[in-house]
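*Asks:* Encoded as structure tokens, here's the structure I'll be asking about.
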Amino acid sequence: MNADNIVAGLNPVQREAVVNSQGPMLILAGAGSGKTRVIVHRIAYLIAVGGVAPQEIMAVTFTNKAAQEMRERVREMIGPVAQSMWISTFHSSCARILRNHGDLLGFSAKFSIYADKEQIALLKEVSRKLNLSATMFPAEYLRSAIDDAKNRGVDPEGYALEARQAQNPKSQAVAKAYKLYQEGMKENDALDFGDLLFLTVELFNKHPELLESYRERFHYILVDEYQDTNEVQYRLINMLAEPRRNLCVVGDDDQSIYSWRGAQIKNILDFESDYPESKVVRLEENYRSTATILAAANHVIAGNRKRKGKDLWTKKSSGDLVSLFLGSNEADECSYVVKRISTSVRPPGDFAIFYRTNAQSRIFEEGLSRRGIPYIIVGGTKFYDRAEIRNLLAYLKVVNNERDGVSLQRILNIPTRGVGKTSIEHLQVYAEENGLSFWETMERLDSEALVRGKARTSLLDLRDMILQWRRDQDECKPSQLCARIIAEIGFAEWLQKNNDPVQAQTRGENVAELLNAIELWENEQDKPTLAAYLENVALINDDRQSDQELSRVTLMTIHRAKGLEFDEVFLVGLEEGLFPGKRSYEKPELLEEERRLCYVGMTRAREKLHMSACRLRRIYGQTMDSRPSRFLLEIPLELLRREDRNRSSALKTGGGVAAEGSQKGSYSRPQRGGRPQSSPPRMAGTAELKKKRVSAKVNDQNTPFPQGCHVEHAVFGPGVVAGVKGAGEETKVDIVFRDRGRKLLLLKFASLTKIG
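So in this note's numbering, spot 306 of the sequence shown is number 306, and the numbers just go up one at a time.
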């Protein structure tokens, strides 16, 4: 294969990234810009044209799927010679190195790799030895803290030093647990996933001759998704890249969304400082989305300060305007989404619904189920199949039906109350031998010595609570009963103790959403009984479709959506406090990551993008007044079409994107060194649209919006004019909005509607 064949079909910038194979290179690859294709062609060029031996190339990425795809595509281009290449994930690469040389650190070649459950079991033993409170130091919390330390490249001694310097007693206790945990791992000849990376760096630091042997082996290193690397991955790659410095990293700082698991955006932002001689190539031509979607996404991400600077563009047409729906509440938002999907000629598989938190999926699952529209939860579990929800529903089923032994056995030790497998087996045997139901066996606990000690006391307490709930179920609504159960069994506290902070929050949100769901169901019923509610849930959750190839609507969090694409995307819940979340207000870097997350969600859409928010949303057990997300306000009005009015309208401020009904024009490629511009000519319908709007020349003595006038803005909502300033094209209107405070708007672009 010659050079012309390898670069055939690549655009000029892609070709530049492929043929410049010597020295460090940063490839800033925008969403949908063909980065995997560039990596594969670059590898093929090194081998076929550069004469590089396949075994001298190391390519690393983050997922097995990405590594497998890369390996197969390279094989398709250059044949079986690709077999000798090192293409794998970070963890696989490090495991391979440690299998060969782990004995230098005291591990055998047959070391075990501990996943979450094994780690938790060991940490519980560590906590017992250190006499740590399970309430203050749950095993999941310890696991999360230790994993974070390893991602930062901090060993137990370093962690202890940090804790002493911070004078933090809790961190000092974690440091002791970290040290004892690592000793236990060594005793068991085991490593966890953090160890694979951390210990490989330690191995190279302690044995420089071994590091040098790998440097001699790998003359060229390629790293995919570089914006997702953590501190220890950064150290590993830079150690291997010296002294040849033939390091090519590919990534997109605008898609760095995993800081919560250790990713450092500074790794990609500082690449040019680390390698001053590096060449930077920007892949900005997008092959996925319409021009309008890209224009909207570019305006959102432009609000971030910490970025390399990059604007996506496309040769594709403008496409439809971005749909904006501001619903009354989450039920209204769901109705809009489900109606759009159910009335479309597209198959369900063309649609995706993205949300910020897992708890938001519940109402869309129910809405799609009612319409008979198949769906799938990606990277998660259906709402009513989540463990915490199934546990609470099991409680409700036991209250409703005393013969439901399966549900009863599920809740005997949830939350943990000292009822072990042996105690449960004794009860099961007694029930079978005496022809009793499991509940009838529970009723005999007073008179029969079926179980002893703490288990007996706990079961008696549980039995008495169930009896009281049954007596009260006719006097209170199902939501009230569920809330009582949660409080009386200490369910929320148990979730906090037995999960890491992130997982505990997610599960807590799901519990709150269950209460919301029950209340919404009650509001639609004349007589909301517990039995009727449980029947409703069973029907919603009864997915009998066995055809795995069936086209389904995809539901997922935006974090899960990275790397995927769909013809039509619904980005829901765009409200302040939800997206961006309240916690992001505390630090600018967290808010910038939320904006990147929004950008990722928007750029998953090929043809149509819908964005929605609610004026009222019931969340975490409370009904909240909501304001549209700042990310919505960063999108120019001419790119949006409001869908929550009696007549949908194209909002246009003049210049670029086609008016409603027009599909011509494109968000054109920028000139060298410039920004994308909206392309002429003006579209059909623009003149007529402008006549209907407040336009360029305004007589400030006879303004259509005088002081005291009630108006509505397309995004800011209703408000009152406090004053008018300026004249002609510079006329500005001072408006006090009900929900968004006071704003000074340029009248010719304000898109105001007079109310009353």
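Where a beta carbon is used, it is the ideal one built from N, C-alpha and C, also for glycine.
Keeping to the same chain, check which residues put their C-beta closer than 8 Å to that of R463; ignore five residues upstream and five downstream.
*Replies:* M442, E443, L445
*Asks:* Going by beta carbon distance, what residues of the same chain come within less than 6 Å of I414, once the five residues before and after it are set aside?
*Replies:* N391
*Asks:* List the DSSP bridge partners of H710.
*Replies:* The partner list for H710 (beta bridge, DSSP) reads V720.
*Asks:* Where does S92 sit, in a helix, a strand or coil, going by DSSP?
*Replies:* Helix.
*Asks:* Cβ-heavy atom distance between Q119 and the ligand HEM below 7 Å?
*Replies:* Of the ligands one can find in the structure shown there are none, so the ligand HEM has no counterpart to examine.
*Asks:* Relative to the C-alpha of L515, which candidate in I486, V502, E493 has its C-alpha closest?
*Replies:* I486
*Asks:* Could you spell out the range, first to last residue, of the alpha helix (DSSP H) harbouring Y336?
*Replies:* 330–342
*Asks:* Whole angstroms are fine: how far does the CA of L236 sit from the CA of Q152?
*Replies:* The question names Gln, yet the displayed sequence has Arg at residue 152. Straight-line Cα distance between these residues: approximately 12 Å.
*Asks:* Count Cβ pairs between the stretch 89–97 and the stretch 192–201 that sit closer than 8 Å; are there 3 or more?
*Replies:* yes
*Asks:* Ordered along the chain, which non-local residues of its own chain (more than five positions away) have a Cβ less than 6 Å from that of V761?
*Replies:* There is no way to answer for residue 761, as the model of the chain reaches only from 1 to 756.
*Asks:* D129 by DSSP, collapsed to three states: which one?
*Replies:* The sequence as given places Lys at residue 129; Asp does not occur at that position. Here K129 sits in helix by DSSP.
*Asks:* What's the C-alpha gap between E277 and A17?
*Replies:* 15 Å
*Asks:* Residues bridged to C248 by DSSP?
*Replies:* M25, L222
*Asks:* Using the DSSP secondary-structure output, state which residues sit across from C614 in a beta bridge.
*Replies:* G327
*Asks:* Which word fits E284, buried or exposed, when buried means at least 16 other C-beta atoms lie within 10 angstroms of its C-beta?
*Replies:* buried
*Asks:* Tell whether a beta-carbon distance below 8 Å holds between N358 and R617.
*Replies:* no
*Asks:* Looking only at DSSP bridge pairs, what is V281 linked to?
*Replies:* I27
*Asks:* Shorter than 8 Å from the beta carbon of V201 to some beta carbon of chain D?
*Replies:* Judged by its chain identifiers, the structure shown contains no chain D, having just a single protein chain.
*Asks:* When the Cα of S317 is compared with those of P628, A295, T623, which residue comes out closest?
*Replies:* A295
*Asks:* In or out: P24 buried (at least 16 other Cβ within 10 Å) or exposed?
*Replies:* buried
*Asks:* Note down the Cα distance separating V733 from L269, rounded to an integer number of angstroms.
*Replies:* 41 Å
*Asks:* In or out: N510 buried (at least 16 other Cβ within 10 Å) or exposed?
*Replies:* buried
*Asks:* Starting from the Cα of I257, find the closest Cα among M239, R356, L122 and give me that residue.
*Replies:* R356
*Asks:* Report yes or no: do three or more beta-carbon pairs, one from the stretch 240–249 and one from the stretch 132–148, lie closer than 8 Å?
*Replies:* no
*Asks:* In the DSSP output, what is Y375 paired with across the bridge?
*Replies:* V553
*Asks:* Classify M136 as helix, strand or coil using the three-state DSSP reduction.
*Replies:* coil
*Asks:* Which full runs of the beta strand (DSSP E) of 3+ residues lie inside the stretch 560–604, going along the chain?
*Replies:* 566–571
*Asks:* Which same chain residues, not among the five before or five after L119, have their C-beta less than 6 Å away from its C-beta?
*Replies:* The question names Leu, but residue 119 in the sequence shown is Gln. Annotation for Q119: R143, D192 place their beta carbon closer than 6 Å to its own, counting only its chain and skipping 5 residues before and after.
*Asks:* Assuming contact is defined by CB atoms lying nearer than 8 Å, are I735 and F570 in contact in what I supplied?
*Replies:* no
*Asks:* Could you check the C-alpha separation between Q165 and D148 for me, to the nearest Å?
*Replies:* 18 Å
*Asks:* Considering only their Cβ atoms, is the gap separating R15 from R288 smaller than 8 Å?
*Replies:* Note that the C-beta distance between R288 and R15 is not below 8 Å.
*Asks:* What does the Cβ neighbour count give for D625, buried or exposed, with the cut at 16 atoms within 10 Å?
*Replies:* The C-beta of D625 has fewer than 16 other C-beta atoms within 10 Å across all chains shown, which makes the residue exposed.
*Asks:* Return yes when the Cβ of G30 is within less than 8 Å of the Cβ of N286, no when it is not.
*Replies:* Yes, the Cβ-Cβ distance between N286 and G30 is below 8 Å.
*Asks:* With distances taken Cα to Cα, identify the nearest neighbour of I376 among R362, E388, A387.
*Replies:* R362
*Asks:* Quick check: H101 and L211, are their CB atoms within less than 8 Å of each other?
*Replies:* For the 8 Å CB-CB criterion, H101 and L211 do not form a contact.
*Asks:* What's the gap between the Cα of R397 and the Cα of N498?
*Replies:* A small fix is needed here, since residue 397 is Lys in this sequence, not Arg. Looking at the two C-alpha atoms, the distance is approximately 24 Å.
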